[in-house]
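Worksheet: the structure to be examined is printed underneath.
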Amino acid sequence: MSQDPIRLHKALSRIWATAPGFGRAAAVNHSIVGMRFMITAAFFFAVGGMLAMLIRAQLATPQSAFIGPEIYNQIFTMHGTIMMFLFAIPMLEGLAIYMLPKLLGARDLAFPRLSAYGYWCYLFGGLILLGALFAGVAPDSGWFMYTPLSSSTYSPGINADVWLLGVTFVEISAMTLAVELVVSILKLRAPGMTLSRMPIFGWYILVTALMMVVGFPPLILGSILLEMERAFDLPFFDPNRGGDPLLWAHLFWLFGHPEVYIIFLPAAGALSTIIPVFAQRPLVGYNAVVIAIIVLGFLSFLIWAHHMFTVGIPHLSLAFFSFGSALVAVPTAVQIFAWLATLAHGRPRWDVPMLYIAGFLVIFVLGGLTGVMLAIVPFNWQVHDTHFVVAHFHYVLVGGFVFPMLAALYYWLPQVTGKLPMHRLSVPAFWLLFIGFNLTFLVMHWTGLLGMPRRVYTFLPDDGWTWLNLTSSIGGFLLTMGFALVAMDVFLQRKLGKAFRRDPWQAATLEWAMPTPATPYGFASLPRVEMRADRLSPREIGPELAAGRGYLGHARNGWQETLGVHRVTGEPDQIIILPRPTFLPLWTGLSTLVVVLAMLFKLYPLALAAAIFTAGLLVWSGRDAGQPRDHGLMPAGHGLDLPLHTEAADPPPLLALAFALLATGTILASLLFGVVYLWLNAPNWPPPEVMAPGLVLPAFIALGLVAGPVGARLARGGVARGGTPWLGLGVQALGSVAAMVLLVLLIQDALPDPRAHAYAATSFALLGYAWLHVGIALLFVISNAQRWAGGYISPRRILDLRLTRLWQDYVAGAGLVALAVAMGLPALL
Amino acid sequence: MAALPLLGCAGELSVLQPAGPIAGSIATLSWVMMIGSLFLTALMTAIFFFVVWWPRRAARISARAWIIGGGLILPGLVLPPLVVAAVVVGERMMPHDPVPRIEAHAQQFFWTFRYPDHGGAETRDLLHLPAGQPVDIHITAEDVMHAFWVPRLAGKLDAVPGHTNVLRLQADTPGRLEGLCAEFCGLGHSHMRFEVRVHAPDEFASAVAAETTPSAPEARP
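From first to last, the protein sequence lines are chains A and B.
Residues 1 to 829, numbered by the UniProt record's numbering, are exactly what the first sequence covers, in order.
Residues 1 to 221, numbered by the UniProt record's numbering, are exactly what the second sequence covers, in order.
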């Protein structure tokens, strides 16, 4: 099987290449898209940093006349929003997109076009926010957007809409990538890489991505509800009409708390990868660490309310959330001590990444301990919403994310640039960062204890906060200089660093077994992994793979091939053919941008038209995906014959749809939580008027919903028996159209005015949810018809019909639940 | 942070200069936790440099012992006493027996205090309190969320439209204190402060009675 590495390289490069110049906008390759995410995130980090400098300049002296409250409120809101949504999340996504396939021994992620679309959503959403900042209409109600302050009554301008729509746009990106990463980890690994042989970074990203799948939907739902309240006066959060501002707080922190761990875990994953390299031994306690991060993931969903200790929560709940919050210290401590044990049982050597790891440890431990302090309710009541909390979460986020990411930067930069690091600037840059950070934020704890609330644009000389604030401001500028020095350092290494052959750190993971900088195809052939994938020898494996001695060491049919494996055992079960570069993600992103902008400027007919156009674009572009004929088993190397993914039993899209359903199911669950929450807790219940639709209309809607799964089975059965799917597709189309029309009738005729009371508003939201999902089912059916006619569906290539059936099953179930709750609630009132 | 006490704990809004028993017990709790946190941070830093510089000695402790000792036993020793202490302190702060009540109503960007036990007298941005006696503050909001906070007396509670939250306060001695809105509430948030006047028990009623009409908003710097 051995081949000339140069010839193989040229052949694969031709197949996997992205066109230069304008053609780069069509890129779908994970290395390009991942790098784009990271560079864009770094840009937004710089913007957020400059806003922080404006904050520190304003607070450096009491009664400063530098910035007034109108601008100051925009600045701190945007600082938080940018750092959370436009820096931290995209940066970790970028790292995962860029690094994961390389660590897992795959050539790309499962859905390259989806990651490219995710990037455009992120970029455009970020630009909307940035544009608002420069236009002076940036969001100004704080990054958690508490209502009623963010409602149309108290924030009548476009500012809050920019936040709700812009951030939701960026979150579409986060959701697509979460699904992308989960499926890629479960399906696209090197042959033989069981889950328990996976590099630990894979576990971290798996847990992170799963947390994103269920963590982001509450905020997406909350943002939609709040935007609907602002735009159409539906009173979800208005206490005068049966809504409750606290519902927003719950939905926000149901997202916001897991968010902290979503940010921390990938950074910890980088640490778990880097520390063993500098300890020169594999990670100690691999299993304990895996259990710890899974436990951490679960715990993080149970303790959202510790951000709300002061809103007036029953005592018993306070004790529960307090204990749960303190408990988080356990899985975190397990990880930290696993790292310490790794160093203790290895032969530690010192280099720049280790410097940042030391910095991480000091800062993060203190941040974690002030976190335990904040879990203690009486103390929390004193320092909540003061600068103590500001100091705490900067210790956690800068210590737990920025410092580890800087360690990762110095560790993986040679992999990206192919150049060895130079140390001249790295060490002074670290010390500037470390001293600057602590100077800024250590004293800020004290500022908070002396009573300075957060989000005030000025204070009095008598308050006793003058020197503390000046010290923080000086520290802040040192910190900024440190970041500037790091940027310069990276630039110089790229320009002046020495090239190296392979694996400069003597690491033991697969990303060092490929050419550096990475080729578009990654691995010339795919390795077989027979042991835990953090104990490999890249220097020996690299040349073998380059010579095509692994799997898929060939260039065939111009196909971009990679292997799909069994989710758990890692045994290969299919050859996945990945899509070539295409402008489609860009067009879809642009048309999504039109939807968002039209809603922002309240041009709802245009928004609807653009949304239909976007959906049509997706269906139309899917017309010729996959293979127009059956191929049967194809050789994959080493005597292994595998089906293509179009004919495989467990193709990635099926898993992806399952996780997408988990996400939208979480949206429905959050909505149901909202219904019950308002019903039990909100003032001004019961509503003055309830729905009385009789039984005929709902019965026909239910019938239309049930036609979906029935028709999907008929379609699949028809094709499987060698016939056609037309009967089944017809039943589904009829059922969907009927359900949609009848749902509109139900809302129009039987439902009281949704603007009158939160009961009617939430019922409207439930029925709207059902309507939207039935509409998407209709898109599935249209796509099926189109692709059947084009010859892309056969008894062996039946994936489309399996996807439709899965979607229809969900829609029928979710639709019936939504209908039952909307109809049944009045009986319980 | 060891040098920080030199900067002083004093301040009209300082959590660490309590003027009542509730803030006092929280201040004590704060000191214990802060010193403990600094000690643990120093300990972890020392352990880190110990394992990096003397790995051979550190390796005498087995890997399993490192993880179980540090990950399970250490938090197991620290957390339960802390949570129990917190619950005890917290319970003491909770309103149990009926005590006199005062209503605090927040609105962009001022506070209105009402004294239902004193014929519905009303003050604006000025809260009269009796010394040496617990009082329940019933906190409500007119428009957006605010938070009621007198740092030297007790923790803060949010003023949420549509809800009433009850916070127990007690001031030790007569004198002047400061309070503020702690939840960001819009353009005037930074200036939404109020004055607290603590009166001797026998003078309190007359001080409130003197406030027959709502006073005009006070000029603020």
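Ideal placement from N, C-alpha and C gives every residue a C-beta, glycine not left out.
What residues from chain A crowd round residue i, counting only those whose CB sits closer than 9 angstroms?
{"i": "His189 (chain B)", "result": "Pro69, Asn73, Pro453, Arg455, Val456 and Tyr457"}
{"i": "Thr45 (chain B)", "result": "Ala358, Leu361, Val362 and Val365"}
{"i": "Ser206 (chain B)", "result": "By Cβ distance, chain A contributes nothing, its closest Cβ being about 29 angstroms from Ser206 (chain B), past 9 angstroms."}
{"i": "Phe113 (chain B)", "result": "Per Cβ cutoff of 9 angstroms: no residues; Phe113 (chain B) is ~19 angstroms from chain A at best."}
Along the beta strand (DSSP E) that carries residue i, what are the first and last residues, could you check?
{"i": "Tyr551 (chain A)", "result": "Segment: none, Tyr551 (chain A) is in no beta strand (DSSP E) and carries neither H nor E."}
{"i": "Cys181 (chain B)", "result": "Gly175 to Cys181"}
{"i": "Arg124 (chain B)", "result": "Ala121 to Arg124"}
{"i": "Arg152 (chain B)", "result": "It is not in any beta strand (DSSP E) - Arg152 (chain B) carries neither H nor E in the DSSP assignment."}
{"i": "Tyr115 (chain B)", "result": "Phe110 to Tyr115"}
{"i": "Val198 (chain B)", "result": "Arg193 to His199"}
{"i": "Arg539 (chain A)", "result": "It is not in any beta strand (DSSP E) - Arg539 (chain A) instead sits in the alpha helix (DSSP H) that spans Pro538 to Ala546."}
May I ask you to report which of helix, strand or coil DSSP gives residue i?
{"i": "Ile612 (chain A)", "result": "helix"}
{"i": "Glu103 (chain B)", "result": "strand"}
{"i": "Asp641 (chain A)", "result": "strand"}
{"i": "Ala141 (chain B)", "result": "strand"}
{"i": "Gln560 (chain A)", "result": "strand"}
{"i": "Pro5 (chain B)", "result": "For Pro5 (chain B), the pLDDT reaches just 47, beneath the cut-off of 50, and the residue's location in the model is therefore unreliable, although a value from the coordinates is still provided. Looking at Pro5 (chain B) - three-state DSSP - the assignment turns out to be helix."}
{"i": "Pro134 (chain B)", "result": "coil"}
{"i": "Pro199 (chain A)", "result": "coil"}
{"i": "Lys10 (chain A)", "result": "helix"}
{"i": "Lys419 (chain A)", "result": "strand"}
{"i": "Ser206 (chain B)", "result": "helix"}
{"i": "Leu343 (chain A)", "result": "helix"}
{"i": "Pro517 (chain A)", "result": "coil"}
{"i": "Tyr395 (chain A)", "result": "helix"}
{"i": "Met35 (chain A)", "result": "helix"}
{"i": "Thr28 (chain B)", "result": "helix"}
{"i": "Gln574 (chain A)", "result": "strand"}
{"i": "residue 834 (chain A)", "result": "The first residue shown for chain A is 1 and the last is 829, placing residue 834 (chain A) beyond what the model contains."}
{"i": "Thr208 (chain A)", "result": "helix"}
{"i": "Met33 (chain B)", "result": "helix"}
Which residues in chain B sit within 7 angstroms of residue i, going by Cβ to Cβ distance?
{"i": "Ser322 (chain A)", "result": "Val83 and Ala86"}
{"i": "Leu59 (chain A)", "result": "Ordered by position in chain B, no residue passes the 7 angstroms Cβ test against Leu59 (chain A), which lies about 11 angstroms from the chain."}
{"i": "Met373 (chain A)", "result": "Met33 and Ser37"}
{"i": "Pro239 (chain A)", "result": "Pro161 and Gly162"}
{"i": "Tyr146 (chain A)", "result": "Met145"}
{"i": "Ala319 (chain A)", "result": "Val87"}
Against residue i, what residues of chain A qualify as contacts under a CB-to-CB distance less than 8 angstroms, listed in chain order?
{"i": "Thr41 (chain B)", "result": "Val362, Val365, Leu366 and Leu369"}
{"i": "Pro151 (chain B)", "result": "Gln382 and Gly451"}
{"i": "Ala104 (chain B)", "result": "What Ala104 (chain B) touches in chain A: nothing, since even the nearest Cβ is about 13 angstroms away."}
{"i": "Asp97 (chain B)", "result": "Residues of chain A passing the Cβ test: none, with the nearest at roughly 16 angstroms."}
Name, please, each residue of chain B whose Cβ falls closer than 8 angstroms to the Cβ of residue i.
{"i": "Pro378 (chain A)", "result": "Ser25, Ile26, Leu29, Ala86, Val89, Gly90, Met93 and Gly155"}
{"i": "Gly718 (chain A)", "result": "In chain order: nothing, as chain B lies at least about 56 angstroms away."}
{"i": "Arg347 (chain A)", "result": "Pro55"}
{"i": "Gly674 (chain A)", "result": "Chain B residues near Gly674 (chain A): none, gap ~15 angstroms exceeds 8 angstroms."}
Just reading off the alpha helix (DSSP H) that residue i is part of, what are its end residues?
{"i": "Tyr154 (chain A)", "result": "Segment: none, Tyr154 (chain A) is in no alpha helix (DSSP H) and carries neither H nor E."}
{"i": "His315 (chain A)", "result": "His315 to Leu327"}
Return the Cβ separation of residue i and residue j in integer angstroms, given the expectation that the two are a contact with Cβ distance under 8 angstroms.
{"i": "Gln627 (chain A)", "j": "Leu608 (chain A)", "result": "Their Cβ separation, rounded to whole angstroms, is 35 angstroms, which puts Gln627 (chain A) and Leu608 (chain A) out of contact at 8 angstroms."}
{"i": "Val277 (chain A)", "j": "Trp505 (chain A)", "result": "5 angstroms"}
{"i": "Gln560 (chain A)", "j": "Pro651 (chain A)", "result": "At roughly 16 angstroms, the Cβ-Cβ gap does not stay under 8 angstroms, so Gln560 (chain A) and Pro651 (chain A) are not in contact."}
{"i": "Ala818 (chain A)", "j": "Leu767 (chain A)", "result": "6 angstroms"}
{"i": "Thr77 (chain A)", "j": "Trp143 (chain A)", "result": "6 angstroms"}
{"i": "Gly23 (chain A)", "j": "Pro581 (chain A)", "result": "7 angstroms"}
{"i": "Phe437 (chain A)", "j": "Leu369 (chain A)", "result": "Wrong, their Cβ atoms sit about 17 angstroms apart, outside the cutoff."}
Kindly list, in the order they appear in chain A, the residues whose Cβ is closer than 7 angstroms to that of residue i.
{"i": "Trp66 (chain B)", "result": "Phe337, Leu340, Ala341 and Ala344"}
{"i": "Phe184 (chain B)", "result": "Gly142 and Arg455"}
{"i": "Phe48 (chain B)", "result": "Leu340, Ala358 and Leu361"}
Can you pull the chain B residues whose beta carbon is under 9 angstroms from the beta carbon of residue i, in chain order?
{"i": "Leu302 (chain A)", "result": "Here the premise fails: no neighbours, minimum Cβ distance about 15 angstroms."}
Exercise for review: Identify every run of the alpha helix (DSSP H) within the stretch 770-823 of chain A, keeping only runs that are complete inside it and at least 4 residues long; order them along the chain.
Suggested key: Qualifying alpha helix (DSSP H) stretches: none in this window.
Practice item. Go through the stretch 464-510 of chain A residue by residue and report every complete run of the alpha helix (DSSP H) that reaches 4 residues or more, in order. Key: 466-496
Check your understanding: Hey, which unbroken runs of the alpha helix (DSSP H) at 4 residues or more fall wholly within the stretch 426-455 of chain A?
Key -> 426-449
Check your understanding: Residue ranges of each alpha helix (DSSP H) run of no fewer than 4 residues wholly in the stretch 234-317 of chain A, ordered along the chain?
Key -> 245-279 and 286-300
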